[in-house]
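Residue numbers (this note's numbering), protein chains in the order written: chain H, 1 to 442; chain G, 1 to 380.
Structural data, given as structure tokens:
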């Protein structure tokens, strides 16, 4: 690793607790508190004023769509990396539904290399479970695992691994390298032509419903399969109250299942579809207030392990059209932390330690990133984010770093602003602006 | 929002979960639309989420005129009655003329923008516009740039540039007219969007019902406490959605009869009764409205066979005979004779199906007239 200039972070409040100073040197937290000033590297260290800011381990997103290769008009690894760093992330897992699909060692290594070139966050590719994400036969999971990208998470996200036998085999197969299958839980026969949550709103708006049971049936089945073969299962973007109950029951019986919820499912409901603006079209769809309450409670009590963005940039023409012609998905990287602050911290459901758990520690652990989600303590990686918890900002899609603008939070005032992001001692974001590439891969 | 607006669903949607969600602010909160307001002084002011072009609260001197007709829910009681009364007046005005044509919309351009084949609806709107002396342009998806991949937005901007005063939009996607209304300055009339709504069909049905069940009535609904039974594929029917909204606005009782597979989730929030027993429903009906069964439903496992559907949900002469003496039979067309309705019933006593077609022109004249002449003020 090249020499990282030492950085003295002053006045930061780790996990929102007592303020302290942190000396970052050699890519690690070299000293804390009064020791930070006595450390030899403190002399001539660049100072970063973090008075009043909350320090958290760098955020880790287990579910990002970077669109490269294939849809560079919507997002690139570079633009997505900027959005991630500005959102407080130091690592993102890139979903494989690119064109070509990331179902071979070659493609995952390409994405991995693009991430290193961008140098703002660790881009960890996710590999497809099946060839072409077609759900017919397993992709070369072992080759992706042993590639330079060291893939550990596999997903056909965007589509469900619906065939139960194929899902069983995938769960079994990835055990050899402690992999995990991240399932997009959607029973395809129950969601033919589905446009939004099946309920009062879909009935009134005259659009084909996406019933909660289509998600829950797959989660129930997969939990049983994971228990049967003793494998790790991760549930992507869990969205219904019923799903929370199923995961809680599976965990209680010892099944190795983890689950994520997206920021938009923590905040928005299906009534947003009134007006037919496809910026609110997403898969799984926005649900009801009862579901929002349930996923918040599930996140607070640990049933749901992770907040993952499902950051899904789409080109303007794929959203500026009829609802049923539009692509599903919404931006998330730069708004995730603020939405979590609004829905979980301000409501008293999570403290800052809890935020660190669900947005950094748990996703790093599930995805197998040893250098992320670490404690803010001496000797640990200098990978952290500094957040102004009191700042309020107004979301503007055109001001986000993404190449797309499809944020569902347009015009909303959200609390909590990322001020600085530091990756292994390199400040990637300073004062809310991209600082410099961090030399990630060096 | 303003008096003309009615948001029947506002009470059934959930409260915002927290201040940051902003959902409360989204919601247009005017539960009743001031039906008690004295005279029918407004055609329903239109404001749907997303269009947001009119309907700022508390406009002095009453609500601004309607800009679009996207949903039957856009009409409150006074607005709906005003459309029906206007249609009656237009009928009388035309009846006295040698040439059945009024000069009212001379020089105005009405575009029929049809992304879906519907000859009868297009012709009805075309005739309506021509009887008001408007210039009519028919823009159909087939053989146009739309089939070459031009987006709805580009089509809208093209029509905008050409100066369309009104755009009558038929589209296979639910909500397409709502999107269109964001991109054009002209007035948008929803002529059927996907499986969502078809408000002018509901207006012509109400007009037809009023002529039969409350002949001569103007200035009020005339359908108060009347029972209208709507039978068939409610799930996919834009006609049913618009009729449920409009008929309940007009004070009628709506009974839905359908196999459970063809009822939408959440119908318990609708202002309707639901039953699976057509015989019982017909006995207490003032009108029966049969919905068309689409061929693809027959193949989509919504019911076992067309024959079984017909047996349980078709209107034959035996069932027709259960209808009270004054009762009428409606069908929005086109009919599947022998499936949801027998030819004997379609052509027999109490069938007002052909009248519906004629009334469609009158009601569409009224809608175009009111929208293009500034709503109310022009109608006085």
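We put the beta carbon where it would ideally sit given N, CA and C, even for glycine.
Just so we're clear, the structure is a prediction, and the values are computed from it rather than from any experiment.
| request: Could you confirm whether any beta carbon from chain H is found closer than 8 angstroms to the beta carbon of residue 68(G)? | output: Output row for residue 68(G): interface = no.
| query | Using a beta-carbon distance cut-off of less than 9 angstroms, what residues from the region 191 to 208 of chain G approach chain H? | reply | Taking 9 angstroms as the upper bound on Cβ-Cβ separation, chain H lies near residues 193, 194, 195, 196, 197 of the region 191 to 208 of chain G.
| By DSSP, does residue 89(H) sit in helix, in strand, or in coil? | DSSP, reduced to helix, strand and coil, places residue 89(H) within a strand of the structure shown.
| Residue-chain proximity (residue 253(G), chain H), Cβ-Cβ < 8 angstroms | Using a Cβ-Cβ cut-off of 8 angstroms, residue 253(G) does not count as an interface residue toward chain H, since no Cβ of chain H sits closer than that to its own.
| query | Can you list the residues of chain H that residue 238(G) reaches, using a CB-CB cut of under 9 angstroms? | reply | Chain H residues near residue 238(G): 206.
| Which first and last residues belong to the alpha helix (DSSP H) in which residue 226(H) is found? | For residue 226(H), the enclosing alpha helix (DSSP H) covers residues 212 to 229.
| message | Checking the sheet assignment: what are the DSSP bridge partners for residue 260(H)? | response | According to DSSP, residue 260(H) bridges with 306(H).
| query | How about residue 444(H) and residue 71(G): are their beta carbons less than 8 angstroms apart? | reply | Outside the displayed span of chain H (1 to 442) sits residue 444(H), for which this structure offers no information.
| task | Check whether the region 157 to 169 of chain G touches the region 237 to 250 of chain G, counting contact only when three or more Cβ pairs, one atom from each stretch, lie closer than 8 angstroms. | result | No: the two stretches stay apart, fewer than three of their Cβ pairs being nearer than 8 angstroms.
| field | Neighbour flag for residue 176(G) against chain H, beta carbons, 8 angstroms | value | Yes, residue 176(G) counts as interfacial toward chain H.
| field | Proximal residues to residue 262(H) (C-beta, below 6 angstroms), its chain only, five neighbours per side dropped | value | Closer than 6 angstroms at the Cβ level, and outside the excluded window around residue 262(H), lie 237, 310.
| field | Under 7 angstroms by beta carbon: chain G residues contacting residue 332(H) | value | Going along chain G, no residue has its Cβ under 7 angstroms from residue 332(H), so there is no contact; the nearest lies around 16 angstroms.
| message | Threshold first: 3 residues or longer. Then list the beta strand (DSSP E) segments lying entirely within the region 268 to 298 of chain G, N to C. | response | The region 268 to 298 of chain G contains these whole beta strand (DSSP E) runs: 273 to 275, 287 to 290.
| Buried versus exposed, by CB contacts within 10 Å (16 or more), residue 322(H) | Residue 322(H) should be labelled buried.
| DSSP three-state call for residue 96(H): helix, strand or coil? | Shown here, residue 96(H) sits in coil according to DSSP, grouped into three states, outside any helix or strand.
| Cβ-Cβ separation, residue 137(H) to residue 156(H) (assumed contact under 8 angstroms), whole Å | In this structure residue 156(H) is not in contact with residue 137(H), their Cβ atoms being roughly 12 angstroms apart against a cut-off of 8 angstroms.
| message | What would DSSP say about residue 302(G), mapped onto helix, strand or coil? | response | Residue 302(G) falls in the coil class under three-state DSSP.
| said: Pairs of beta-carbons, one from the region 79 to 95 of chain H and one from the region 142 to 151 of chain H, closer than 8 angstroms: are there three or more? | reply: No: the two stretches stay apart, fewer than three of their Cβ pairs being nearer than 8 angstroms.
| message | Counting only C-beta atoms, is residue 159(G) closer than 8 angstroms to chain H at any point? | response | Chain H contact via Cβ: absent.
| Endpoints, alpha helix (DSSP H) assigned at residue 178(G) | That run of the alpha helix (DSSP H) goes 176 to 183.
| query | Do we get a CB-CB distance below 8 angstroms when we pair residue 152(G) with the residues of chain H? | reply | Chain H, which has a Cβ nearer than 8 angstroms to the Cβ of residue 152(G), makes this yes.
| field | Where residue 404(H) falls: helix, strand or coil (DSSP) | value | Correct three-state label for residue 404(H): coil.
| task | Look up residue 334(H) in the DSSP assignment and say whether it is helix, strand or coil. | result | Residue state, collapsed to three classes: coil.
| query | So, is the C-beta of residue 30(G) closer than 8 angstroms to a C-beta in chain H? | reply | For residue 30(G), the predicted model reports a pLDDT of 30, less than 50, meaning its position is unreliable and no value from the coordinates is stated.
| request: Note down, in chain order, every chain H residue with its Cβ under 7 angstroms from the Cβ of residue 173(G). | output: Neighbours of residue 173(G) on chain H, chain order: 322, 323, 324, 325.
| task | Rank 27(H), 46(H), 19(H) by C-alpha distance to the C-alpha of residue 33(H) and give the top, closest one. | result | Closest by alpha carbon: 19(H).
| Top-ranked residue by Cα proximity to residue 225(H), from 416(H), 433(H), 187(H), 169(H) | Minimum Cα distance to residue 225(H) is reached at 169(H).
| task | Indicate whether residue 241(H) and residue 291(H) have their beta-carbon atoms separated by less than 8 angstroms. | result | Yes, they are a contact pair.
| request: Can you have a look at residue 424(H) and say buried or exposed, based on whether 16 or more other CB atoms are within 10 angstroms of its CB? | output: Buried, because 16 or more other Cβ atoms sit within 10 Å of the Cβ of residue 424(H).
| query | Which residues, taken in chain order from the region 186 to 200 of chain H, show a beta carbon closer than 7 angstroms to some beta carbon of chain G? | reply | Residues are counted here when their Cβ sits less than 7 angstroms from a Cβ of chain G; for the region 186 to 200 of chain H these are 198, 199, 200, given in chain order.
| task | Name the residue from 291(G), 154(G), 117(G), 186(G) whose alpha carbon lies nearest to the alpha carbon of residue 68(G). | result | Ranking the options by Cα distance to residue 68(G), first place goes to 186(G).
| query | Out of curiosity, what's the CA-to-CA distance linking residue 104(H) and residue 174(H)? | reply | One C-alpha to the other measures close to 15 angstroms.
| query | If we call anything under 8 angstroms between Cβ atoms a contact, is residue 363(H) one with residue 60(H)? | reply | Yes, Cβ-Cβ distance for residue 363(H) and residue 60(H) is below 8 angstroms.
| said: With H, G and I counted as helix, E and B as strand and the rest as coil, what does DSSP make of residue 113(H)? | reply: Helix at residue 113(H).
| field | Sub-8 angstroms separation of residue 160(G) and residue 332(G) beta-carbons | value | Contact flag unset, no.
| said: Does the CB of residue 264(G) have a neighbour CB from chain H at under 8 angstroms? | reply: Interface with chain H (8 angstroms Cβ-Cβ cutoff): residue 264(G) is included.
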